[in-house]
Structures are given as C-alpha cells and as structure tokens.
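Enquirer: With this note's numbering applied, the sequence shown has no gaps in its numbers, which climb one by one up to 502 at the end. For glycine and all other residues, C-beta sits at the position ideal for the given N, C-alpha and C. This one's a predicted model, so the numbers in the text were calculated from it and none came from an experiment. Let me begin by handing over the structure; questions about it come next.
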Amino acid sequence: MDFMKLAARLSRLNPRLAAWLERRLTTIPPVHNKIDEQYDDLLRGLEASVKPYRAKFATFARLPAAGLPHDEILAEMEALNKIEKPRWQDGYASGAVYHGDAAHIDFLNRVYALNSQSNPLHSDLWPSAAKYEAEIVSMVARLLGADATGDEICGTMSSGGTESILLAMKAYRDRARDCKGITAPEMIMPVTAHAAFDKAAQYFNIKPIRIPVDQNYRADVAAARRAVTRHTIVIVGSAPSFPHGMIDPIEELSEIARQNQIGFHTDACLGGFILPFAEKLGYLIPPFDFRLPGVTSLSVDTHKYGYAAKGTSVVLYRGADLRHYQYYTAADWPGGLYFSPTFAGSRPGALSAACWAALIAIGEQGYLGATKRILETAAEIRKGIAAIPELRVLGDPLWTIAFASDTLDIYRLMDFMSDRKWSLNGLHRPAAVHLCVTLRHTQPGVADRFLADMKAAVEYVKTRPAAHGGLAPIYGMAATIPFRGMVSELLKRYIDLLHQV
Ligand SMILES: Cc1ncc(COP(=O)(O)O)c(C=O)c1O
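This is how it looks when you write it as structure tokens:
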C-alpha cells in the first residue's frame with residue numbers, strides 16, 4: 002500500500018492522529034520543500050486566469066503622487082467592465098448575478114447614488130435608513146410565515162448570507178451560555194450545510210457535529226436525533242442546500258429541536274425568495290419557514306433571489322429575546338454609548354435603500370413571474386443534462402442542478418466549459434459540478450447553449466488526454482490528499498495569490 006493510501010486510511014480511522022502526523026511530517030524540510038513545489042506548480046497554472054490584467058492595465062502598488070483625472074479613472078474602469086460584463090450578463094455564470102437586467106441595475110444604481118452617504122450607525126442623521134431596514138425585515142418575515150404564527154418574528158439586515166448565519170449562531174451560543182450554562186456548545190449540521198456554519202463554529206468556538214445526508218442529499222433525521230446532547234445549542238437545515246439544491250427535512254429536524262428545547266435554524270439564503278412563490282405557483286414545497294413551530298431562526302438573502310444589489314441579507318428570529326443575543330452594546334466606552342445590531346460598525350445605508358427599492362419595485366407579482374421563469378428553465382436544463390448518458394443529476398433539485406459522471410472526470414468537463422466562458426461551481430465529496438439557475442439563464446437561447454456546450458464537453462473529454470492547468474488538477478489533488486491541512490494550506494496560498502498586486 003502506498004503512503005497516500007495509508008494516510009487516507011489513518012485519517013478515516015483516527016483523524017486526530019492523522020492531523021498530528023501531518024503537522025510533524027510537513028515540518029521535515031525535504032517533505033515541506035516537496036509540498037511547496039507542488040503548490041507552486043498548481044498555482045502557476047492558475048495565475049494567468051487570476052491576474053489577467055497585469056500586462057494590459059496600469060498597476061498601482063502605491064498611491065500615485067498626484068491624483069489622476071476622473072475621466073481617466075472612469076475610462077479604465079469602463080474598459081475592465083466591458084471585458085467582464087458580457088460573461089455574467091449573457092448568462093454564463095452559475096448564481097452570482099441573479100437578476101441583471103439593465104433597467105433594474107440602472108434603477109438600483111440611481112437609488113444607491115441618492116443614498117451613497119447614508120450610514121445606519123447614525124440613525125439621527127439618516128432615519129430613512131432605519132425605516133428602510135425595518136420595512137425590509139417586516140416584508141421578508143411576512144413572506145416566510147410570520148403571519149401564520151402567534152409569535153413575534155423579528156430580525157435585522159446583514160451584509161450577506163454568511164453574516165446572517167454567523168449572527169444567528171453567535172446568538173444561540175450566547176443564549177445557551179446565559180440561560181442554560183452551556184460552556185462547550187455544539188451545533189448539529191448536515192455535511193451539506195453552507196461553509197458559513199463551519200466558519201461560525203470556528204469563530205465562536207462551537208463544536209460542529211456533522212450528520213450525513215441520504216442518497217437524495219437530504220439530512221439524515223435519525224442521525225440528527227442521535228447527535229443531540231446536553232451541549233447542543235442548535236440544529237441546522239437548508240432550504241435548499243448550496244451544493245445540491247436539495248431541501249432538508251426541515252419539519253422533522255425542527256421538531257427534534259423543539260422537543261429538546263434547542264434552537265433550529267433554516268438556512269433559506271438561496272430559497273427564501275423562491276420557495277414561497279414556487280408554493281403559490283403550485284409546486285409541492287415541503288414546509289421550511291416559521292409556520293413550523295420548531296423553526297426559531299432563518300437566514301434569507303435579499304442579494305440573491307430578492308434581486309437587490311450585492312451586500313444585503315436578512316436574519317430572522319422567533320422572539321425579540323433571541324434577537325437581543327445578536328446585538329452588541331457598550332455602556333462604559335469613553336467614546337459614548339455605543340450599540341450596533343451586527344458585526345460591522347458603520348454600514349452602507351445605500352445598500353439597504355437599494356434593497357428596499359428592489360422589493361417594492363418588483364412586488365409579489367414580479368417575484369412570482371421571475372420564479373416561474375427560473376423553475377421552468379431549470380427543469381429544461383435538468384432534463385437536458387439527464388439525457389446525456391455520461392452525466393447523472395444528483396438528487397431531485399428544483400433550480401440548483403448538481404451533476405456527476407461515473408465515467409468521465411467531471412472537473413475536466415468543468416474546465417472545458419470554462420474555456421467556453423461558463424463559470425460553473427465545482428463540488429466535491431462526491432465529485433460533481435452544479436449550475437445555479439438565475440434570471441440570466443431564462444434569456445432566449447441560454448439553456449440550449451448550455452446543453453450544447455455540455456455535450457461538446459463530454460465528447461472532448463472522452464477523446465482527449467488531460468492537459469495541464471485549470472481546476473481539474475486542484476480538485477484532483479484535494480480528492481487524493483488525505484491530509485486536510487495540506488488542502489487548506491493550498492487554499493490559503495490561493496487567497497495569497499488573489500492579494501498579490
Ligand atoms: C444555502 C446558502 N447559505 C449561505 C450562503 C452564503 O451566502 P453569502 O455568499 O451571501 O455569504 C449561500 C451562498 O451561496 C448559500 O447558497
């Protein structure tokens with residue numbers, strides 16, 4: 002048995018021993034140097050795509066001695082915009098830009114410009130910001146079952162799905178410490194829950210208890226039940242999950258939480274603005290929101306299918322008491338009485354204004370129509386993928402369609418698609434790729450182009466040997482390296498590369 006296989010077996014049987022061995026091994030100079038060489042080699046293959054402008058555009062590693070004319074700066078940015086815009090505008094991206102119609106963008110930009118100086122931290126100067134935010138939270142809460150429960154459903158805005166999730170997990174941690182004396186908190190999450198939950202676990206010292214998903218990529222309810230201990234503060238479920246677009250059994254999971262008097266968080270970052278409208282359109286949507294008594298918090302991204310500009314999300318709670326555990330207040334600071342609802346201090350009020358404007362400009366009818374177009378296009382794409390013999394759709398998704406191949410390297414298919422301008426999401430465990438369908442894909446011809454390119458990708462990969470570069474070798478390496486620390490190190494080097502001038 003070779004070393005990698007031995008290490009893989011060890012990390013399965015005894016992850017802590019494997020992590021220790023990894024730390025020891027990677028400090029041995031020849032091993033360290035060899036790994037470094039491999040990282041450099043892989044990252045060199047990506048450098049051209051990560052830093053495409055070095056040769057063609059001016060680079061500013063330090064402040065210019067004299068400021069440049071506005072026209073010159075705008076011309077440079079317009080040139081960059083011209084390169085980047087067609088890719089997302091013409092529907093080549095998975096997720097990323099969820100609306101993207103020119104008139105909608107222009108409208109949001111005008112709203113942003115009107116409010117560009119607004120900062121909700123100074124609610125005396127901009128009471129309008131507080132008005133917009135309170136009304137957004139109220140509109141979103143009502144969309145997600147607030148009216149059907151006797152409880153108060155309240156919440157706050159945040160900067161995105163990750164922040165909404167971090168805030169909720171912090172609130173649960175602090176409440177459990179305060180009310181139950183829990184000092185070694187645990188959170189139960191399906192392996193498919195968004196990485197933001199793991200981030201919350203790392204930031205707030207909560208032990209993540211990962212439960213498996215079934216063959217349909219939905220959380221295993223029996224495993225969740227078994228995982229509850231006296232340290233559990235919250236159970237998490239997705240509606241739907243980022244990787245496979247599948248809705249966890251929220252009803253069953255939230256009931257386990259309710260019976261054990263612990264929190265339950267529905268991550269509806271992706272689904273919060275699709276599922277309520279899908280239900281109205283007659284799709285069979287399992288319950289996932291505050292209509293379920295066990296759901297005590299929920300995250301929903303206005304900057305995804307709410308069609309607001311990037312940088313807003315809403316986190317909702319059952320009861321103001323839980324929301325209080327999210328807030329920060331400082332009563333003794335010489336800088337005055339200080340308070341803020343979220344992690345940031347100063348915040349961009351213009352983004353909240355643009356979010357409010359998006360919600361009331363689109364309205365129920367607009368969201369219904371958008372959802373209909375998205376779900377119909379996604380069904381067409383899903384059918385087309387399923388008809389390609391070498392591909393297999395994972396689970397039974399509505400609009401985030403993950404697919405794998407039993408015969409071909411799926412990451413090489415993804416690299417071929419990248420060469421044809423597509424930006425798909427690579428998944429792993431199992432190896433797969435997904436397309437998250439947005440309004441961009443509902444434009445005439447986009448679904449057909451995707452399927453034609455996918456067929457071409459299959460034909461190409463079937464007949465050609467692997468080439469150098471692209472994401473295939475990175476995912477290949479991540480799949481074969483048994484030591485997770487080494488994969489993390491590679492990702493850190495990638496972030497370093499992004500930060501190079
Ligand atoms: C289900 C789910 N939760 C959370 C997030 C995190 O959202 P953000 O990238 O806005 O932080 C995403 C992002 O795609 C998501 O799909």
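Taking Asn426 as part of the beta strand (DSSP E), name the residues at either end of that continuous run.
Expert: 426-428
Enquirer: If you scan the region 206-260 from start to end, which runs of the alpha helix (DSSP H) of 4 or more residues do you find wholly inside it?
Expert: 222-228, 251-260
Enquirer: Taking C-alpha atoms, which residue in Leu425, Ser341, Thr303 lies nearest to Glu136?
Expert: Thr303
Enquirer: Just to confirm before moving on: does the CB-CB distance between Leu392 and Ala269 stay below 8 angstroms?
Expert: no
Enquirer: State the Cα-Cα distance for the pair Gly151 and Arg292, rounded to the nearest angstrom.
Expert: Taking the straight line joining both Cα atoms gives about 10 angstroms.
Enquirer: Can you say whether Glu79 is buried or exposed, counting buried as having 16 or more other CB atoms within 10 angstroms of its CB?
Expert: exposed
Enquirer: If you measure between the beta carbons of Lys154 and Arg319, is that distance less than 8 angstroms?
Expert: One detail in the question is off: residue 154 reads as Ile in this sequence, not Lys. Cβ atoms of Ile154 and Arg319: closer than 8 angstroms.
Enquirer: According to the neighbour-count rule (16 or more other Cβ atoms, all chains shown, within 10 Å of its Cβ), is Ile84 buried or exposed?
Expert: exposed
Enquirer: For the structure I just gave you, are there three or more beta carbon pairs, one from the region 317-331 and one from the region 364-378, closer than 8 angstroms?
Expert: no
Enquirer: Helix, strand or coil: which one does DSSP assign to Asp407?
Expert: coil
Enquirer: Could you check if Gly161 belongs to the surroundings of ligand 1, using beta carbon to heavy atom distance under 7 angstroms?
Expert: yes
Enquirer: Could you tell me whether the Cβ atoms of Asp249 and Gly264 are closer together than 8 angstroms?
Expert: no
Enquirer: Closest to Phe404 by C-alpha separation, out of Thr439, Val447, Val459, Leu352, would be which residue?
Expert: Val459
Enquirer: Check whether the Cβ of Cys270 lies closer than 7 angstroms to any heavy atom of ligand 1, and answer yes or no.
Expert: yes
Enquirer: Closer than 6 angstroms by C-beta to Leu491: which residues in its own chain qualify, once you throw out the five before and the five after it? Chain order, please.
Expert: The residues Tyr40, in chain order, have a CB closer than 6 angstroms to that of Leu491 in the same chain once the five nearest residues on each side in sequence are set aside.
Enquirer: By the 10 Å Cβ neighbour count, where 16 or more other Cβ atoms means buried, how is Leu428 classified, buried or exposed?
Expert: buried
Enquirer: Which whole-angstrom value describes the C-beta separation of Leu44 and Pro474, a residue pair presumed to lie in contact below a C-beta threshold of 8 angstroms?
Expert: Contact flag wrong, Cβ pair sits at about 11 angstroms.
Enquirer: According to the neighbour-count rule (16 or more other Cβ atoms, all chains shown, within 10 Å of its Cβ), is Asp290 buried or exposed?
Expert: Classification for Asp290: buried.
Enquirer: From this set, Leu414, Tyr328, Ala177, Gly350, which residue's C-alpha is nearest Ser341's C-alpha?
Expert: Ranking Leu414, Tyr328, Ala177, Gly350 by Cα distance to Ser341 puts Tyr328 first.
Enquirer: Whole angstroms is fine: what's the gap from Leu323's alpha carbon to Ile234's?
Expert: Going by the C-alpha atoms only, they are around 12 angstroms apart.
Enquirer: For Ala197, verify whether its CB is less than 7 angstroms away from any heavy atom of ligand 1.
Expert: In this structure, Ala197 has its beta carbon less than 7 angstroms from a heavy atom of ligand 1.
Enquirer: For Ile183, does the three-state DSSP call read helix, strand or coil?
Expert: coil
Enquirer: Below 7 angstroms, is the gap between the Cβ of Val137 and the nearest heavy atom of ligand 1?
Expert: In the sequence under discussion, the amino acid at residue 137 is Ile, which differs from the Val named in the question. Incorrect: Ile137 has no Cβ contact closer than 7 angstroms to ligand 1.
Enquirer: Distance, Cα to Cα, Val502 vs Ala49?
Expert: 13 angstroms
Enquirer: Can you list, in chain order, the residues of its chain with a C-beta nearer than 6 angstroms to that of Gly161? Leave out the 5 residues immediately preceding and following it.
Expert: Ser314
Enquirer: Thinking just about the alpha-carbon of each residue, which of Asp454, Thr408, Trp400 is nearest to the one in Lys422?
Expert: It is Asp454.
Enquirer: Rounded to a whole number of angstroms, what is the C-alpha to C-alpha distance between Leu11 and Ser347?
Expert: 48 angstroms
Enquirer: Within its chain, find whatever has a CB closer than 7 angstroms to the CB of Lys373; leave out the 5 residues flanking it on each side and keep chain order.
Expert: Leu282
Enquirer: Below 8 angstroms between beta carbons: does that hold for Ala345 and Leu395?
Expert: no
Enquirer: Determine the burial state of Ser119: buried for a count of at least 16 other Cβ atoms within 10 Å of its Cβ, exposed for fewer.
Expert: buried
Enquirer: Determine, using beta carbons only, whether Leu18 comes closer than 8 angstroms to chain C.
Expert: Considering every chain present, this structure includes no chain C. It has just one protein chain.
Enquirer: What is the rounded straight-line gap between the Cα of Trp21 and the Cα of Arg383?
Expert: 44 angstroms
Enquirer: Here's the rule: buried if 16 or more other CB atoms are within 10 angstroms of the residue's CB, otherwise exposed. What is Ser117?
Expert: exposed
Enquirer: Identify every residue that forms a DSSP beta bridge with Gly312.
Expert: For Gly312, which the question treats as bridged, DSSP gives no partner whatsoever.
Enquirer: According to DSSP, is Ile482 helix, strand or coil?
Expert: coil
Enquirer: How about Gly46 and Thr439: are their beta carbons less than 8 angstroms apart?
Expert: no
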